[in-house]
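Protein chains in written order, with the working numbering: chain A, 10 to 457; chain B, 52 to 180; chain C, 575 to 1062.
Every residue gets a Cβ at the ideal spot worked out from N, C-alpha and C, and that includes glycine.
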């Protein structure tokens, strides 16, 4: 077997040195009654050639954006990944390295993630960022947990326009706590209902959680929300599904966020059927000792040369154990590296330009869609990349019928928002070609 | 290891120097040695009150975080701010410059429950076995 | 064997922000066609992100140089105990990048992702079979996430039975994520002391197990590399009082095809795909932490579940007893593809052989080093072995010094100061993908260092000498927090 170097001769030598007769003797420590006495019931082994054929078959049973016209967003985005990224992250020194606990031999990972932390703090407009959480859904839950323990309060206000699956995860995480999760509805502009928010506010609210842009793609200035929660001594937490939006729109930091979470998958990581993601977690300096996750800091070595190390590890599970800020150990370092490389290639101007391009394309698609009879826009707010449309024919029917034409027009919202049975979330990025967009328009015209 | 005779010591490795009804509190030479290089100290505010054995602050090194416990009941009257900016002072001079807080003692009888330098030294020896 | 001084090129490399030059670009986008639009000014960003500006060749060179400062499995032996640093097969990488996996959106209609769903359904079956369990969820993104999911499941089941209880028993040899997880799930931790033989005595469990205890979290083999031979008795004790047994599956590399936690009384177990199943560590993730459960916990598994209905795979969310989601979408699919590919390549005999050779390698290390280093537990090592610095301490040399000196010999240090039950512990897990010569070279280095500890302790105190950086000042990093580049 190609991953197992031992020859029979070597095995015998080793057994001799150990002082046992067979390998089975080494398993004597497992009592007889505890041993498995049959082979594992698994398919027989495949050679590399057979493996690739089998996996290719499986992969061919999935539609994908290169062959199909897909307009799907909702927390997972198709953006261009520069060719250089896969070559760099495939380097064995990055791919097969361990967590950088021994800094003297991990400076590559440490410096790269220090650069990542800087970039994320810049993009979100915050003071510090950690080395990553699993994704935005768990990052959001950790942010709320931080707010609860920091303020020692019991109420959490969550905008209904925050990604429904992020809200589900939050519910799971807080189910066993004596915490009240309360929802703030959205308005006809797709923005936060300030009137209801005002009635819910109080000095017992730990935090308010809002999306920017939100799940409907709507962007709004949340500075007033920020001011109001701060006046009550609570925290303002934002979550950004596609942080490419921040190449154009106000950053959470500019709005006064205390903690800003984002889904960084858009930066150089493929969608991969929803995982792995990249949980960006940034905050104001004052929360640094309460933050979850790894942090990389700058220091010097014994010769005075600049270097980087994991720092403030006393917050983490391997030292603090039951009093750790979080149980997180493995995060998504390689995804963070892919993001860093991508943003280094896009650069300051590319980041802004790509954001503009995406905005233009979605505005243009919006206009073209509205020209179709039977399509309307339920939310009047400004959007980035994705937006909600209402269709005369039920969105699930539209999807079912367009699938035959290798087109997926959007994500029907009814399963998360039963109050929006005719609504669909349509996303367009720089990856959608003009032909694909024409195809979508033509397809919808025929059905509506 | 140094344990000044004129101080009293608690089981949680704090020392106490009493002058009138004001007690100065810090952590012992043994404590700072065990912790290693101290990187962060969190101290309470003036005016805060603590019962004996309450945790009133935190001392953090690279490899561990430890609560500091009040050896006596009282009210904080002074906090050693320089130590917050330069935590290494606690390592370098735990009994003088590295003091942490001064409290107004509520119950002088509690002093009797603390250990002398000799008792503390014996206590440490026992603990490490 | 003498220490190897680095030769060849080891470049200095500044930060991206220091290399940045205004006007340089590394991107290639099509021209913006159509009308250029601007949103309303009150929504526009005022202070733009100060991302660096570099050309593509500079970016390639930057990260190539950075990579050359890293130690990795591809470079040399990485004997970290409890991490299972085995070879990461390249076919896994290739397959995970197939367009039909990488460019698939999670919200595509089910009939357009049958390949993904089939892979997940089959992987669940394989993982259930290997652990001897009944059902699996692939949703957790890492081991700790899997632990949290598992404890949530336990709470849900016990809650449905009338009382979720308040405590969890955790051996003092446990990985730090165990108590951290229990705390996050709002359980009080009751530490259980490891006995003199390195295992948890059943008498201790008897005493600790009450009707207020929801579960015991147990790693088997434990973090000392020893099989908890009394696991079935322990499970009996816990079950008798209505509790559940949580198995931390981090050490599954010692058991594949030889024993199954599910047959030994474990009710719920998390896997670490980035350990046992070769998905790459990537410098700290992404990982994947699927959770396998016994039948009675199945109704509580996170939604959605992959089910086969009339020949079509579907994602089923209508499960009223489920604990809910623990993550958006379905799990780290990219890592699931890699683990699946590995299992399909190895087959049942390959996985068993991997376990056998992992245990052989660890026992060989033990035999070669037990004279030079103190071995707290004389026998019973499975896939990893724990030594201590007791012999070296006589000359004032510590585990830290040994670890730092190993780097001068070109090896990554093993896990140090964990588990906490052994002072100055050195935990070595060779894994099965290392050849005898590599292990011999490692043992030779360790023996040489032991001699240096006798003859020249100061050399070790100042180690490492030959790495890119000398010992780094971690206290300074914590005192003067610099967590990002400062532009001013």
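So, using beta-carbon positions, are residue i and residue j closer together than 8 Å?
i: residue 67/A; j: residue 682/C; result: no
i: residue 114/A; j: residue 986/C; result: yes
i: residue 868/C; j: residue 841/C; result: yes
i: residue 1004/C; j: residue 935/C; result: yes
i: residue 47/A; j: residue 832/C; result: no
i: residue 179/A; j: residue 166/A; result: no
i: residue 277/A; j: residue 94/A; result: yes
i: residue 401/A; j: residue 457/A; result: yes
i: residue 1013/C; j: residue 973/C; result: no
i: residue 947/C; j: residue 961/C; result: yes
i: residue 657/C; j: residue 175/A; result: no
i: residue 354/A; j: residue 91/A; result: yes
i: residue 197/A; j: residue 389/A; result: yes
i: residue 153/B; j: residue 75/B; result: yes
Is the Cβ of residue i closer than 8 Å to any Cβ of chain B?
i: residue 303/A; result: no
i: residue 1045/C; result: no
i: residue 330/A; result: no
i: residue 1052/C; result: yes
i: residue 323/A; result: yes
i: residue 702/C; result: no
i: residue 1048/C; result: yes
By the three-class DSSP mapping on this structure, what secondary structure does residue i have?
i: residue 175/B; result: helix
i: residue 995/C; result: coil
i: residue 379/A; result: helix
i: residue 153/B; result: strand
i: residue 83/B; result: helix
i: residue 140/B; result: helix
i: residue 578/C; result: Caution applies to residue 578/C, whose pLDDT of 42 falls short of 50 and renders its modelled position unreliable; the value that the coordinates give is listed next. It is coil, neither helix nor strand.
i: residue 166/B; result: strand
i: residue 827/C; result: helix
i: residue 811/C; result: helix
i: residue 100/A; result: coil
i: residue 367/A; result: helix
i: residue 883/C; result: strand
Tell me, please, whether the CB atom of residue i is closer than 8 Å to any CB atom in chain A?
i: residue 692/C; result: yes
i: residue 70/B; result: no
i: residue 580/C; result: Because the pLDDT at residue 580/C is just 47, under 50, the model does not fix this residue reliably, and the point stays unresolved.
i: residue 917/C; result: yes
i: residue 115/B; result: yes
i: residue 111/B; result: yes
Taking only beta-carbon positions, decide if residue i is within less than 8 Å of chain C.
i: residue 138/B; result: yes
i: residue 88/A; result: no
i: residue 277/A; result: no
Since I believe residue j is in contact with residue i (beta carbons under 8 Å), could you give me their beta-carbon distance rounded to a whole number of angstroms?
i: residue 151/A; j: residue 899/C; result: Actually they do not touch by this definition, with Cβ atoms about 15 Å apart.
i: residue 287/A; j: residue 273/A; result: 3 Å
i: residue 326/A; j: residue 751/C; result: 5 Å
i: residue 217/A; j: residue 228/A; result: About 17 Å; that fails the 8 Å criterion.
i: residue 711/C; j: residue 864/C; result: 6 Å
i: residue 906/C; j: residue 404/A; result: Incorrect: roughly 29 Å between the Cβ atoms, too far for contact.
Does the Cβ of residue i lie closer than 7 Å to at least one heavy atom of the ligand COA?
i: residue 335/A; result: With respect to the ligand COA, the structure offers nothing, as it holds no ligand at all.
Ends of the beta strand (DSSP E) at residue i?
i: residue 765/C; result: 762-766
i: residue 124/B; result: Note, residue 124/B: premise wrong, no beta strand (DSSP E); not H, not E.
i: residue 745/C; result: 741-745
What residue range does the alpha helix (DSSP H) around residue i cover?
i: residue 705/C; result: 688-705
i: residue 236/A; result: 232-240
i: residue 181/A; result: 173-183
i: residue 931/C; result: 907-943
i: residue 118/B; result: Taken as a continuous stretch (DSSP letters only), residue 118/B belongs to no alpha helix (DSSP H), being part of the beta strand (DSSP E) at 116-120.
i: residue 17/A; result: 17-27
Measuring only between beta-carbons, confirm whether residue i sits less than 8 Å from chain E.
i: residue 97/B; result: Structure shown: chain E not included; protein chains present are A, B and C.
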